[in-house]
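Asker: Numbering (the numbering used here), first residue to last: 5 to 276. For each residue, glycine too, the CB sits at the ideal point set by N, CA and C. I have a structure here, written as C-alpha cells, and I will follow up with some questions on it.
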Ligand code: ATP
C-alpha cells in the first residue's frame, strides 16, 4: 500500500502478511508509518493505492473480525471501565452471559478487577491502556492489531499483557504488534518486520535480526564511575569483568540491542 499526506509519503509500497497464529512485531522509529498502517487496517484511513485484506475481507466488512488497540486512547472518560468493556463487547456482538464471562476473564488477566467500577477518565495512563487493550480482545477476534499496548505499563502489567497476547496467538489469532522495545518481541516469540520511511526494510525472526547484534555490560563502582563493554556474549563478559574487577562493584547492567542498533546494522548491511 502507498499513502501520502501532501508531500509526506507515510506508506511507500508497503507489503506485509500476518498468518493465523503468528505474532508480527512491527518496529520502527517515530514517523516510520506504523500508526498509518494501523489506521488503514481499522478502516479509518484509505490508502492511495493497494489494499488490506482481513481474513480476505476489506476493513469495512471485517469490523467484528479484528480487535484494534490504537495508540491514541479512545476511551469515554465519564463511563466506568466495566461500562466501557460492555459497550465494546456489545458492539462486537457478544451477548449477556458470554460478555460477562469475557469481561471477568480479561479483568483478571490484565489486572483490571479492582478498577472495573472507576471512570476511565480518572485512571492512570497504564490502566487506560490496559482497558483499551481489553476492549480489543473481548470477542476473541481472529486478527489483533495492537499499537504499542505496553507503552507506560509497569513490569507486571507488561508481562500480563504479553502473556495474554501469546495465549491468543496460541489459539490461532493473527497478531500485528507495534513496539519501540525489542526485548518484548523475544517474550512474544514474534517475528519482526522493520519499517522505515513507510516500507518494510527487513523481515525475520529475533535471532536473525537482533540475535547477532552486540549488547553492553556495565559495572558500576562506589565512587559513581562505571565501566562499559560492548559484547556479543554479555553473560560470559559479565563473569570475566566481575572476576577481573579490582574494586568492589555496586551494580551491574546488561543492556540488550536497541531499535537504534538494529537500524544502524541494517543501514550498514550487517543484517539482511
Ligand atoms: P510513532 O512511532 O511516532 O507513532 P509512526 O511510525 O506511527 O510513528 P505515523 O504516525 O504513521 O508514524 O506517521 C508517518 C508519517 O506520516 C509521519 O511523517 C507523519 O507526520 C505523517 N502523517 C501521519 N498522519 C498524518 C496526517 N493525518 N496528516 C499529515 N501527515 C501525517
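Quick one: Cα of residue 222 to Cα of residue 235, how far?
Answerer: Cα to Cα, residue 222 sits roughly 11 Å from residue 235.
Asker: Where residue 276 and residue 265 are concerned, what is the direct C-alpha to C-alpha distance, given to the nearest angstrom?
Answerer: Note that residue 276 has pLDDT 49, beneath the 50 cutoff, so the model's placement of it is unreliable and the number below is only indicative. Spanning the two alpha carbons is a distance of roughly 14 Å.
Asker: Which value, in whole angstroms, describes the spacing of the CA atoms of residue 188 and residue 212?
Answerer: Cα to Cα, residue 188 sits roughly 16 Å from residue 212.
Asker: Skipping 5 residues on each side, what residues in its chain have a beta carbon closer than 8 Å to that of residue 251?
Answerer: For residue 251, where only same-chain residues beyond five positions count, the Cβ hits under 8 Å are 225 and 226.
Asker: When the Cα of residue 185 is compared with those of 25, 9, 20 and 29, which residue comes out closest?
Answerer: Cα-wise, what sits closest to residue 185 is 29.
Asker: Check the DSSP bridge columns for residue 257 and list the partner residues they point to.
Answerer: DSSP lists 222 as partners of residue 257.
Asker: Starting from the N-terminal end, write out each residue whose C-beta falls within a distance shorter than 6 Å of any non-hydrogen atom of the ligand ATP.
Answerer: With the cut-off at 6 Å, the residues found are 9, 12, 14, 32, 34, 35, 36, 37, 38, 39, 40 and 75.
Asker: Expressed to the nearest angstrom, what Euclidean distance is found between the alpha-carbon atoms of residue 206 and residue 100?
Answerer: Taking the straight line joining both Cα atoms gives about 44 Å.
Asker: Is the beta carbon of residue 278 less than 9 Å from the beta carbon of residue 93?
Answerer: Nothing can be reported for residue 278: it is not among the residues displayed for the chain, which extend from 5 to 276.
Asker: Assign residue 18 to buried or exposed, taking buried as 16 or more other Cβ atoms, counted over all protein chains shown, within 10 Å of its Cβ.
Answerer: Label assigned to residue 18: buried.
Asker: Is it right to say residue 319 is buried, meaning 16 or more other beta carbons lie within 10 angstroms of its own, or is it exposed?
Answerer: Because the chain here runs from 5 to 276, residue 319 falls outside it and cannot be looked at.
Asker: At a cut of 8 Å, does the segment 126-139 reach the segment 149-168 through at least three beta carbon pairs?
Answerer: Verdict: yes, contact present.
Asker: Buried or exposed, going by whether 16 or more other CB atoms sit within 10 Å of the CB of residue 183?
Answerer: Answer is buried; the Cβ neighbour count reaches 16.
Asker: Got a sec, what are the start and stop residues for the beta strand (DSSP E) residue 64 sits in?
Answerer: Where residue 64 is concerned, there is no enclosing beta strand (DSSP E), given that its DSSP letter is neither H nor E.
Asker: Check whether the segment 76-94 touches the segment 116-124, counting contact only when three or more Cβ pairs, one atom from each stretch, lie closer than 8 Å.
Answerer: Touching, yes.
Asker: With three or more beta-carbon pairs closer than 8 Å as the criterion, would you say the segment 138-153 touches the segment 64-78?
Answerer: In short, these stretches touch, since the Cβ pair count reaches three.
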